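Shown next, in structure tokens, is the structure this report addresses.
Number of protein chains: 4
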Amino acid sequence: MSRFSEPQDPDFQRINASLSFDQRLWPHDIAQSKAHAKMLASCSIISDAEAEELRRGLDAVAAELAAGSFPFAPGDEDIHMAIERRLTELVGAVGGKLHTARSRNDQVATDVAMFVRDTATETGRALTDLVSIVLETAERHQDWPMPGYTHLQRAQPVYLAHHLLAYAWMFLRDRSRFAQVVDACAYLPLGAGALAGVNFATDRGLVAAELGFAAPVPNSIDAVSNRDFAVDYLAAAATCAMHLSRLGGELVLWSTSEFGFCELSDAWTSGSSIMPQKKNPDAAELLRAKAPRITAHHSALLGVLHGLPLTYNKDLQEDKEHLFDTADTLTGCLAAARGMLASITFDRNRLTAAAADEMIAAVDIADLLVRAGVPFREAHGVVAGLVRTALDSGRRLSELSDDELAASSAMLDAAEFRELLAADSWLESKISQGGTASGRVGEQLAAVRAALSGA
Amino acid sequence: MSRFSEPQDPDFQRINASLSFDQRLWPHDIAQSKAHAKMLASCSIISDAEAEELRRGLDAVAAELAAGSFPFAPGDEDIHMAIERRLTELVGAVGGKLHTARSRNDQVATDVAMFVRDTATETGRALTDLVSIVLETAERHQDWPMPGYTHLQRAQPVYLAHHLLAYAWMFLRDRSRFAQVVDACAYLPLGAGALAGVNFATDRGLVAAELGFAAPVPNSIDAVSNRDFAVDYLAAAATCAMHLSRLGGELVLWSTSEFGFCELSDAWTSGSSIMPQKKNPDAAELLRAKAPRITAHHSALLGVLHGLPLTYNKDLQEDKEHLFDTADTLTGCLAAARGMLASITFDRNRLTAAAADEMIAAVDIADLLVRAGVPFREAHGVVAGLVRTALDSGRRLSELSDDELAASSAMLDAAEFRELLAADSWLESKISQGGTASGRVGEQLAAVRAALSGA
Amino acid sequence: MSRFSEPQDPDFQRINASLSFDQRLWPHDIAQSKAHAKMLASCSIISDAEAEELRRGLDAVAAELAAGSFPFAPGDEDIHMAIERRLTELVGAVGGKLHTARSRNDQVATDVAMFVRDTATETGRALTDLVSIVLETAERHQDWPMPGYTHLQRAQPVYLAHHLLAYAWMFLRDRSRFAQVVDACAYLPLGAGALAGVNFATDRGLVAAELGFAAPVPNSIDAVSNRDFAVDYLAAAATCAMHLSRLGGELVLWSTSEFGFCELSDAWTSGSSIMPQKKNPDAAELLRAKAPRITAHHSALLGVLHGLPLTYNKDLQEDKEHLFDTADTLTGCLAAARGMLASITFDRNRLTAAAADEMIAAVDIADLLVRAGVPFREAHGVVAGLVRTALDSGRRLSELSDDELAASSAMLDAAEFRELLAADSWLESKISQGGTASGRVGEQLAAVRAALSGA
Amino acid sequence: MSRFSEPQDPDFQRINASLSFDQRLWPHDIAQSKAHAKMLASCSIISDAEAEELRRGLDAVAAELAAGSFPFAPGDEDIHMAIERRLTELVGAVGGKLHTARSRNDQVATDVAMFVRDTATETGRALTDLVSIVLETAERHQDWPMPGYTHLQRAQPVYLAHHLLAYAWMFLRDRSRFAQVVDACAYLPLGAGALAGVNFATDRGLVAAELGFAAPVPNSIDAVSNRDFAVDYLAAAATCAMHLSRLGGELVLWSTSEFGFCELSDAWTSGSSIMPQKKNPDAAELLRAKAPRITAHHSALLGVLHGLPLTYNKDLQEDKEHLFDTADTLTGCLAAARGMLASITFDRNRLTAAAADEMIAAVDIADLLVRAGVPFREAHGVVAGLVRTALDSGRRLSELSDDELAASSAMLDAAEFRELLAADSWLESKISQGGTASGRVGEQLAAVRAALSGA
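Residue numbers (this note's numbering), protein chains in the order written: chain A, 1 to 455; chain B, 456 to 910; chain C, 911 to 1365; chain D, 1366 to 1820.
See below:
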């Protein structure tokens, strides 16, 4: 019997049903139902025999779902209803007892929390793998010079390892962020009922322990209204995707004829339908392109929650697709980043030639003057003047005459100046902590290695 | 001297200059410059006397800025340049030595990290204050019944305290999130130079300690490219603003003639320019309305960083306005939430009347049947039938006849049925952990109190 | 032969392949290929016999796709390649001639433009249907009073028809916006080749005419780089979804026990898994909930295009899923809005009672004074004082004494005052153009009817 | 007198007041008040003498505002109240009559509509100016070859004019979009009153005509609830900003040492605080960086409107800052784009050298085979094989031997092959409409010129 006298409109069912996407929650739904049944028996709300029947039935349902043989029915609105319906078909009326002392509201919140927890754990693992690859790639290119850029202008030379390690630190931060997301999923919604708690002396702690939660959510209204953990996952994913987009963007750039710093492997590139010579960095472009999508998922979920009255509202059904697409997209992007870096080839000659641009020694020349007692601002002006003289006359800095040097500043020693430009010591001069000098890069490699082994 | 032969276009200066907004960073800029000067002397890069001159000069500049008497000059592009220019005016050429072994790139990143750290700390404190007010408000309304809603339909009665405490838990989660943001700001960018580290044997650890950072950023490229901490702040703020928008939305709703659950104080409402009877919940509406703005700031900064090549790019200048407006908006919203709750009046009669709606006892009736051995799904159907019979005939549930009750289910005891509807025990029956029964609400009050005192 | 020596990594294929979603473009792809083949023959680039073979082959492929019997192959990366592969299987080597004088870049852009054009046309039609339902609903409730709200506070009474017609105007604006989107799709990308045009004397005008475009895109680079029409569609959809969310939000509100203004039909509501009495406005909630998702799709596509160098980049593949999900979501929402309004029941008693709240006549009392020569600002103050006196003493305005009235203003005629409060003329007094007086509402009904019949 | 017994909380006033930003609406507010007063007199609601007094008073207020001498008072919550207060100070009690037959709700909507209309008109004009500069720049570089890119890989050569003109078409589309925004502002909200219309026989058509609107908004509820025109402006601005970000991104790229295609003028670049050699394309970077901010403004306003009940809610106050910042940002960006293009220098040698890369003739070689009767797909494979042979052996295509050519395909004529590679005819072969051949580019120049002169 139902309080409704009219069937649902098919158009309503189409917009209302969530089965097409929420069915991927089934492993979590089965697990929580088994824990719930165990608790109901432990609290004498159902008998041990009933619990056992439910457990066996749920295992049978799970087997069908895992095998792809689960018989979905036209009326199955969501995976929760589908499982309960099938369970009752398999075990009879006792199936109807499973929903005692819980509601779909706390049930769904629990499934989603479990999904987010497991996915965030997975993402953390994938990040560890990615950092390993970044580390290996850095280790293979420890003493390869390349230009460091600011404003995409050559600024100062760095070692390729140093540049690559910047990504290692980003991804390690991402990993901590996903660890925080796992923590945000530590509280069990189940047992909150529709919103107010339930009329039974349940043991939510038992269910929490069974399912790997730290404790029950302390407020039943919050339990069914809250999706912070989903928002947190999307936020962490958006930042991670942004980092990946920076990596993707650089790989695209470095793969151009103009930069020519690297070549992606054939396995991670594709051709053109019309231009036979093309080798296109599609994977790197997609790495770049996916970030706005994940940012949008995050914004969208916040938008759904905006101004929403407590407690459960149907609007919350919108959490799932944003989560699922984000998880899948991020998984694909992390695999792509890993795959591209593992098989990339850098061009030492192109990198070295670009890093040897005399102009990027300008700050070192200024520092010569500083050591001679010239205030930095003044030294900066002197060197800027030399740069302008050189550019205006189409010469390199090392081609300036001694007279020109002397005219620029009494403190500029022409010999030191020429020696500095001749040396390839610009990189090794960056000796400050975190700098690009070899020793400092070595410290970083060790630190990242330690972070990984401590994972 | 400069490498440029032509002055900047005024239109360029307009779009390029950041002084109008970045001047609020001055306290951080002064503090870091003092720490930097101290370190330069400690490392013998400048003399102690020079460091002392710089310190005194910086104090003088700070005094001018604090007093609003700082003489800005037309060419001051940003606060960093303005301070250095003024410093040099005050202390002479030694002012030019301050920029030794640092760059504007690491300087700006440091200022922003300090701003975010201090702001996140402040926001955390404001959240503690807000939770205190929520707690007090809950304590004042411990045994006031009200309807709990799902789908904005009356679902089950709860105590007002229970509903309010849901917000306490949200804001406590927000507080942890801002604590994580503070941790994300624990690494010092300064000393990374333009991008590659500097040519001097500096002591970044000293500067870090001086400024309250845990350690220097371990990679100089990451130090100047990274704005994760800003993104983290905006993400935490977006979630917090979303929570506030739910509170604002409920206050608007509860203030309607139709709900009539509460009245906001005169101090937090306003009138109409045309309708003399109006008392408008403007502050509650603004609480609701501000969330999308903060979400947008978060998306915008991620958008700026999207695909951006390392290291520093001018695009990063876009971090500041998003941060500042978010900080100001959130501060205003937290104050508004606090102020409204501290002075709100609830209407016990309206709340009680709404909570006494017999329909919301339906699940308790179903539970009567469950205790008699009826599977929950079947019990649900029985009660749904009773509801429909009552609605169709325009009667209340308690007006159904014994025959009608008997016809619905052999297991339904009419006496128990009538007793249950007569009792006001529906709330106290929600005895599960986190439920709305008084004892459980009492546990929550204690838990929130403990969280606050542990703060 | 290929320029690649290594097969693609399966992880790369997973992220790179678009077949799973772009296969819905097949009708457009077939249509454009037929038009392209016809043009190639017309320009003597292929023979008439070849064109005829291609046409027959394409018809056969289309038949398979329509029947669901198309044999997809593992290597089918996208629908374009799948169709060409199958075509070649069916017609032999001549299949390889179809791609003469075009590229996948212009081909994809053309498919997407055709999809957007057709979808926008469809959406326009669905909006016309929705406005018809709004109009009919308004016509059925022409003289039903209800409170108009500002700040969700009762402000002034209006006719329900008047309130509903506000939505008619929103949806009519949406319809024009989609008409503009159709116009934005009027230019044919095909024939631009990869980016530079093609080496053949093609006739792009012929293809344009064949496929219903106004003219070819005038610049081949723009042809393959541009996705403005997709952005335009998403922008129009976002605004439309926002309008629908306002309607959804009001239906949720009006369906509460507290407002009680309407009841949605059983066909557009659902029950609770646990609370047998519940009738939940799920469809209305979803109408509200879907808007942020569409806004997010719009932002995401703009994010993808942000800073993207010309011409085609793989990033552009991200256009499709945003478009498809938006189209499907919007279609579902428009159907839901239509279905709910077509079957909704309003409660005349509840509406009338709410509209009879004396307080909402306050502005009419002020206008009494204005007519007596009192400046509006002063009149506003007089009435505000009366409101406060009434509220403070728990009386209605009509219960104030003659002395109290006289004390408030010498210009206030007590008889007129009482007459005004007694009358139900407040609605009919709003005689200004666009106001709620019956005559004015009648003008609106006629205007909307005219807009529809002119459609 | 007021219905409130307690003053507003200062924290409330801070969050509630809009004067700090809405004061820029004053010219619109004055204009609408003058038109409103004129209408009130014309309809005999006030006397002609009163209207004249109001007009003179408003002129005096406007003069103060224009001169910056307007005396703002502490209680001025918004510009509308400030003006009315000041007016009443200047002209006495008659000032209080101005607000007859209008409300702040319709007044604000009118100001905003006027602002959007004027701003969109301005933006359209700025776009015309920008297209003129693009056109001139294209005309100056009509026969300068450069590589066209797909996936940022050199693909096919194009003329620089052709590439630049792609932007002209984008900006012309933007201009139409802003013209549509102007149309969206053609309906006058004023006269709708608070929401329901007014009690006076006003003449809204007169006010509309006076202020340049086509007609009054036909529904008073819609008049005060609607902000579509603001959303439309933000949507058009977001697309325009995205186009500008693509231009900005390309200018940054082309300014690198690696591309070296152009040099921005000194007037539009800046130096480094530490690296004396740097010439940074800050303006181009900002052009790129500003787009996400405008997209965010659009999303934020849609977020504010999401699910918002009719009619006016305080949330609508959030429209203004998003609009104002967007208008200012876009104005700055358009000026920057214009300034940079007007003063940019391209490097013909670098462009030509890059365009002469033999690899980008590959598709022309394939077309040779197609003309000889080889299906395109097969021809593509033949050339891909040649490319691979060349790359594997470190040779250019023209260095392949006759035997190698013969082995690749019997249809490949070695003489034609060598002639094709030697010729610089690759650009001129793109003769299709919209292609890069000179004649086609000439057609485009004429078309853009025509679009401009028709503006």
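C-beta: ideal position from N, C-alpha, C; glycine also. Keep in mind it's a predicted model, so treat the numbers as computed, not measured.
| Item | Value |
| --- | --- |
| Quick one: what's leucine 1553 of chain D bridged to in DSSP? | D/Pro1581 |
| At what residues does the alpha helix (DSSP H) containing methionine 1152 of chain C begin and finish? | 1138–1164 |
| Just to confirm, is the Cβ distance from serine 176 of chain A to serine 265 of chain A under 7 Å? | no |
| Any idea what DSSP makes of threonine 1567 of chain D, helix, strand or coil? | coil |
| What would DSSP say about arginine 469 of chain A, mapped onto helix, strand or coil? | Since the displayed chain A opens at 1 and closes at 455, residue 469 of chain A lies outside it and no answer follows. |
| Would you call the CB atoms of leucine 590 of chain B and valine 903 of chain B closer than 7 Å? | yes |
| Could you tell me which of C/Gly1002, C/Phe980, C/Val1001 and C/Ala1003 sits nearest to alanine 992 of chain C, measuring between CA atoms? | C/Phe980 |
| Between the segment 613–630 of chain B and chain A, which residues of the former have a C-beta closer than 9 Å to a C-beta of the latter? | Val613, His617, His618, Leu620, Ala621, Tyr622, Ala623, Trp624, Met625, Arg628 and Asp629 |
| Check whether the Cβ atoms of tryptophan 26 of chain A and leucine 54 of chain A lie closer than 7 Å to each other. | no |
| How big is the Cα-Cα spacing for leucine 1492 of chain D and alanine 472 of chain B? | 24 Å |
| Chain E partners of glycine 1668 of chain D, CB-CB under 7 Å? | This model lacks chain E altogether; the protein chains it does include are A, B, C and D. |
| Put glutamate 874 of chain B into one of helix, strand or coil per three-state DSSP. | helix |
| Near threonine 592 of chain B, what residues of its chain come up, given a Cβ to Cβ distance below 6 Å and the 5 sequence neighbours on each side ignored? | Leu619 and Leu796 |
| Taking just the CA atoms, how far does tyrosine 1069 of chain C sit from alanine 1573 of chain D? | 25 Å |
| Please list, in chain order, the residues of the segment 1121–1141 of chain C that have any C-beta partner in chain D closer than 8 Å. | Pro1126, Val1127, Pro1128, Asn1129, Ser1130, Ile1131, Asp1132, Ala1133, Val1134, Ser1135, Asn1136, Asp1138 and Val1141 |
| Check whether chain B comes within 7 Å of alanine 1320 of chain C, counting only Cβ atoms and requiring the distance to be less than that. | no |
| Using a Cβ cut-off of 7 Å (strictly closer), state whether alanine 1365 of chain C contacts chain B. | Because alanine 1365 of chain C carries a pLDDT of 49, less than 50, the predicted location of this residue cannot be relied on, and no value is offered for it. |
| Got a sec: which bits of the segment 881–899 of chain B sit with their beta carbon under 8 Å from any beta carbon on chain A, in order along the chain? | Leu882, Ser884, Lys885, Ile886, Ser887, Gln888, Gly889, Gly890, Thr891, Ala892, Arg895, Glu898 and Gln899 |
| Between phenylalanine 714 of chain B and chain C, is there a C-beta pair that is closer than 7 Å? | yes |
| Which residues of the segment 1246–1257 of chain C have a Cβ closer than 8 Å to any Cβ of chain D? Give them in chain order. | none |
| Taking all protein chains shown into account, do 16 or more other C-beta atoms lie within 10 angstroms of the C-beta of phenylalanine 72 of chain A, making it buried, or fewer, making it exposed? | exposed |
| Starting from threonine 436 of chain A and walking both ways along the beta strand (DSSP E), at which residues does that stretch end? | Counting along the chain, threonine 436 of chain A falls outside any beta strand (DSSP E), and DSSP gives it neither H nor E. |
| Considering just the uninterrupted stretch of the alpha helix (DSSP H) at threonine 329 of chain A, what are its terminal residues? | 319–342 |
| May I have a chain-ordered list of the beta strand (DSSP E) segments no shorter than 3 residues that lie completely inside the segment 1466–1548 of chain D? | 1510–1515 and 1518–1524 |
| Taking the alpha-carbon of glycine 648 of chain B as reference, which of A/Glu443, A/Ser255, A/Val441 and A/Ile431 has the nearest alpha-carbon? | A/Ile431 |
| Are there three or more Cβ pairs, one per stretch, closer than 8 Å when the segment 816–823 of chain B is compared with the segment 714–733 of chain B? | no |
| Give the interface partners of tryptophan 1178 of chain C over in chain A, defined as CB-CB distance under 7 Å, in chain order. | Asp9 and Phe12 |
| For chain A, is any of its Cβ atoms less than 7 Å away from the one on glutamine 772 of chain B? | no |
| Which stretch, first to last residue, makes up the alpha helix (DSSP H) that contains proline 1657 of chain D? | 1656–1670 |
| Which of the three DSSP states, helix, strand or coil, is assigned to aspartate 16 of chain A? | The question names aspartate, but residue 16 of chain A in the sequence shown is asparagine. If DSSP states are grouped into helix, strand and coil, asparagine 16 of chain A belongs with the helices. |
| Alanine 237 of chain A: which of A/Thr295, A/Asn199 and A/Arg288 sits nearest, CA to CA? | A/Thr295 |
| Does any residue of chain D have a CB that is nearer than 7 Å to the CB of alanine 459 of chain A? | The structure shown does not extend to residue 459 of chain A, since chain A is modelled only from 1 through 455, so no value can be given for it. |
| Cβ closer than 9 Å: which chain A residues qualify as neighbours of asparagine 560 of chain B? | Thr150 |
| Could you tell me which chain B residues have their CB closer than 8 Å to the CB of tyrosine 312 of chain A, listed as they occur along the chain? | Thr605 and His606 |
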